[in-house]
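Chemist: Have a look at this one before I ask anything.
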Amino acid sequence: YYYIHVDRRSNFLHREVLSIAAQLPNVRVTPWRMATIWGGASLLTMYLRSMEDLLKMTDWTWDFFINLSAADYPIRTNEQLVSFLSVYRNMNFIKSHGRDNARFIRKQGLDRLFYECDTHMWRLGDRKIPEGIAVDGGSDWFLLNRPFVDYVVNSKDELVSRMKRFYTYTLLPAESFFHTVLENSILCETMVDNNLRLTNWNRKLGCKCQYKHIVDWCGCSPNDFKPSDLPRFQQASRPTFFARKFEASVNQEIISQLDAFLFGEYPPGTPGLQAYWENIFEQETDRLSTLSDSTLSHYHAFARMGLSRAAASLQGHPNDNSCRYVAMSHPVSVHLYFLSDQFLGYLVHLVATNQASAQLESLETWVTPKDHFTLANLPNTNNRLQHIQVGSDWDPKERLFRNWGGLLGPEDEPVAVQRWSRSQSNLTATVVWIDPTNVIAATYDILVDASAEVTHYRPPLTSPLR
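Read in the numbering used here, the sequence shown has 1680 at position 439, and its numbers run on one by one without any break.
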């Protein structure tokens, strides 16, 4: 059975998941939605509410509650998972941090008071850990059996009620609540220190305080898997049934490889196997207010470019209006388009009136990015620079821009990213930003270590940008 919660900020995804659930008897969608931010107390609330719903579904007979995100993927078949859990149906699989407990409490911020408001976790001050409780924690990905789920949801024990109050004001509560309740309850002997997952940790890249805009704390996040990781799934010796993280926009090939490993190769010539589309705007489900003025202006410009290109195909035929259109309102939808794990642009869907037939037609414009970077001198031992990019929404963990097309507006905060070849010695590079009026807007030096491959910096430019 699959019980799916879709974040209330993802209206397009919610509509599509509802459509799928309507066709499958073992798939349901929560009738309520929350904005479950990273590290927020709302995530624990969502889990507990989902558990309560599932316990009330008398037509679903289930044994384990397994939480998965959109970035998780199976690395063993469902039959293998069922076979394993059938042997250990009385156990609870939850991974502990396995380190010094006092250090975990400090690092996790359990001795600090947090409050979630306006999709942000605000740190309010210090607090004391409840006395007489062995506080533990670790991974917030787990497999919990039905008796424990029922205990957590319905028990009136002081332990459960105290912990629910305590973790309402806790950062990353799902990484500690279930551990602590289980270890201090009568069910403590059912705990197995293993969550049956493989997580792609690279703390050098994943622990860069990238969630400071969401929480008043520093946290870590695992990296996305790539094709080179496939042997880790194939050769896993301990019981592992799921892995994270996967993102098709970052690398779809590893997902296709996993599918082939688990279920066999796709038939030759399967259409769209190397392609990936991701919706980033849908007029029917998203409000225009969710787009910045700059982004909406870009989408309109792309639509007009498509109509101009269509009209240009009639050059020399002034009386032929078969490909001449008048745009109607805003673009209907916008998708990112990837092929063979390369970003190839935006697909802008619009509705326009055909001037020849006076009928409304649906059109799609494919806008591809151009790389204008050129090196004055080829890379050598003294010139390690390979490429420079300017964009916004830089992801230091995956080392890419989440603003895939580099669409910049006057209120954006651009970042310059340099890619280097490795060398035997360090070097110092000077970066100069020149605005459209040919005035130097910023200049700075960066020290490039001999082993460095990527450097980035966001200069303090005057806003709005010129």
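Even for Gly, the Cβ is constructed at its ideal location relative to N, Cα and C. Everything numeric in this text was worked out from a predicted model, so none of it was measured.
(1) How about Asp1561 and Ala1597: do their beta carbons lie closer than 9 Å?
(2) Assign Lys1449 to one of three DSSP states: helix, strand, or coil.
(3) Could you check which residue in Ala1516, Arg1250, Val1673 and Pro1414 has the C-alpha nearest to that of Leu1354?
(4) Return helix, strand or coil for Lys1638, following the three-state DSSP convention.
(5) Give me the DSSP bridge partner(s) of His1590.
(6) Determine the DSSP secondary structure at Leu1439, reduced to helix, strand or coil.
(7) In this structure, how does DSSP classify Ser1563 when only helix, strand and coil are distinguished?
(8) Cutting at 6 Å between CB atoms, please list the residues of its own chain near Val1270, excluding the five before and the five after it.
(9) Identify which residue in Ala1551, Ala1599 and Thr1609 has its Cα closest to the Cα of Tyr1540.
(10) When you compare only the Cα positions, how much space is there between Lys1397 and Arg1485?
(11) Could you check the C-alpha separation between His1697 and Trp1674 for me, to the nearest Å?
(12) Three or more beta-carbon pairs under 8 Å between the region 1466-1480 and the region 1518-1533, yes or no?
(13) Does the region 1395-1410 come into contact with the region 1421-1428, if we say contact requires no fewer than three beta-carbon pairs (one atom in each stretch) closer than 8 Å?
(14) Scan the region 1644-1670 and note each continuous beta strand (DSSP E) run of 3 residues or more that stays entirely inside, going in chain order.
(15) Mind reading off the beta-carbon distance from Thr1594 to Tyr1566? Whole number of angstroms is fine, and I expect it under 8 Å.
(16) First and last residue of the alpha helix (DSSP H) that includes Asp1686?
(17) Based on the DSSP output, what are the partners of Thr1696 in its beta bridges?
(18) If you follow the alpha helix (DSSP H) that Ile1261 is in, where does it begin and where does it stop?
(19) Does any C-beta atom of chain B lie closer than 9 Å to the C-beta of Thr1669?
(20) Is the distance from the Cβ of Leu1351 to the Cβ of Ile1335 below 9 Å?
(21) Going by DSSP, what residue range makes up the beta strand (DSSP E) through Ser1380?
(22) So if DSSP puts Ile1245 in a beta bridge, which residue, or which two residues, is it bridged to?
(23) When the Cα of Arg1364 is compared with those of Arg1330, Arg1406, Lys1453 and Leu1446, which residue comes out closest?
(24) What did DSSP end up calling Ala1276 once you bin it into helix, strand or coil?
(25) Buried or exposed: Phe1383, going by 16 or more other Cβ atoms within 10 Å of its Cβ?
(26) Below 8 Å on the Cβ atoms is my contact criterion, and I expect Glu1229 with Trp1661 to pass it. Report the Cβ-Cβ distance as a whole number of Å.
(27) For Leu1428, name the three-state secondary structure that DSSP assigns.
(28) For Phe1407, which residues of its own chain have a beta-carbon under 7 Å away from its beta-carbon, when the five flanking residues on both sides are left out?
(29) Taking the beta strand (DSSP E) that His1628 falls in, what are its first and last residues?
(30) In the DSSP assignment, find the beta strand (DSSP E) that holds Tyr1507 and state where it starts and stops.
(31) For Val1680, does the count of other Cβ atoms within 10 angstroms reach 16, so buried, or fall short, so exposed?
(32) In three-state DSSP terms, what is Pro1315?
(33) Please return the same chain residues whose Cβ sits closer than 7 Å to the Cβ of Trp1442, not counting the five positions on each side in sequence.
(34) Count the other C-beta atoms from every protein chain shown that fall within 10 angstroms of the C-beta of Gln1475, then say buried if there are 16 or more, exposed otherwise.
(35) Quick check: the Cα distance between Asp1612 and Glu1293, rounded to an integer number of angstroms?
(36) Given that a residue counts as buried once 16 or more other Cβ atoms are within 10 Å of its Cβ, and exposed if not, what is Asp1300?
Modeler: Taking the definition as stated:
(1) A contact, by the Cβ cut-off of 9 Å.
(2) When secondary structure is reduced to three states using DSSP, Lys1449 falls in the coil class, being assigned neither helix nor strand.
(3) Of the candidates Ala1516, Arg1250, Val1673 and Pro1414, the one whose C-alpha sits nearest the C-alpha of Leu1354 is Pro1414.
(4) Coil.
(5) Note: His1590 sits in a beta bridge opposite Ser1574 and Glu1605.
(6) Under the three-state reduction of DSSP output, Leu1439 falls in the strand class.
(7) Of the three classes helix, strand and coil, the one that applies to Ser1563 here is coil, per DSSP.
(8) Ile1245, Val1258, Leu1259 and Ala1262.
(9) Considering only alpha carbons, the answer is Thr1609.
(10) Their backbone Cα atoms lie some 35 Å apart in a straight line.
(11) Cα to Cα, His1697 sits roughly 14 Å from Trp1674.
(12) The region 1466-1480 vs the region 1518-1533: no contact.
(13) They touch, by the three-pair rule.
(14) Here the runs fully enclosed are 1656-1661.
(15) The beta carbons of Thr1594 and Tyr1566 sit about 6 Å from each other, so the pair counts as a contact at 8 Å.
(16) No alpha helix (DSSP H) contains Asp1686, which is instead part of the beta strand (DSSP E) from Ile1681 to Val1689.
(17) Looking at the DSSP assignment, Thr1696 forms a beta bridge with Gln1659.
(18) Note, Ile1261: alpha helix (DSSP H), Asn1252 to Ala1262.
(19) Although the question refers to chain B, the structure presented lacks it and comprises just one protein chain.
(20) With a cutoff of 9 Å on beta-carbon distance, Leu1351 and Ile1335 are scored as not near each other.
(21) Where Ser1380 is concerned, the enclosing beta strand (DSSP E) stretches over Gly1379 to Asn1386.
(22) Bridge partners of Ile1245: Val1270.
(23) From the listed residues Arg1330, Arg1406, Lys1453 and Leu1446, the smallest Cα separation to Arg1364 is found for Lys1453.
(24) DSSP places Ala1276 in the coil class of the three-state scheme, outside both helix and strand.
(25) By the 16-neighbour rule on beta-carbons within 10 angstroms, Phe1383 is buried.
(26) Coverage of the chain is limited to positions 1242 through 1707, which leaves residue 1229 absent and any answer about it impossible.
(27) DSSP, reduced to helix, strand and coil, places Leu1428 outside both helices and strands of the structure shown, so it counts as coil.
(28) Cβ-Cβ distances below 7 Å link Phe1407 to Pro1371 in the same chain, with the five nearest sequence neighbours on each side left out; the list follows chain order.
(29) His1628 -> beta strand (DSSP E) spans Leu1626 to Gly1632.
(30) Where Tyr1507 is concerned, there is no enclosing beta strand (DSSP E), because DSSP gives it neither an H nor an E.
(31) It is exposed - the Cβ of Val1680 has fewer than 16 other Cβ atoms within 10 Å.
(32) In the structure shown, Pro1315 sits in a strand (DSSP, three-state: E or B).
(33) Take Trp1442, set aside five residues on each side of it, and the residues of its chain with a beta-carbon closer than 7 Å to its own are Pro1463, in chain order.
(34) For Gln1475, the number of other beta carbons within 10 angstroms of its own is below 16, and it is reported as exposed.
(35) If I take the Cα positions, the gap works out to 52 Å.
(36) By the Cβ-count criterion, Asp1300 is exposed, with fewer than 16 other Cβ atoms from all chains shown falling within 10 Å of its own Cβ.
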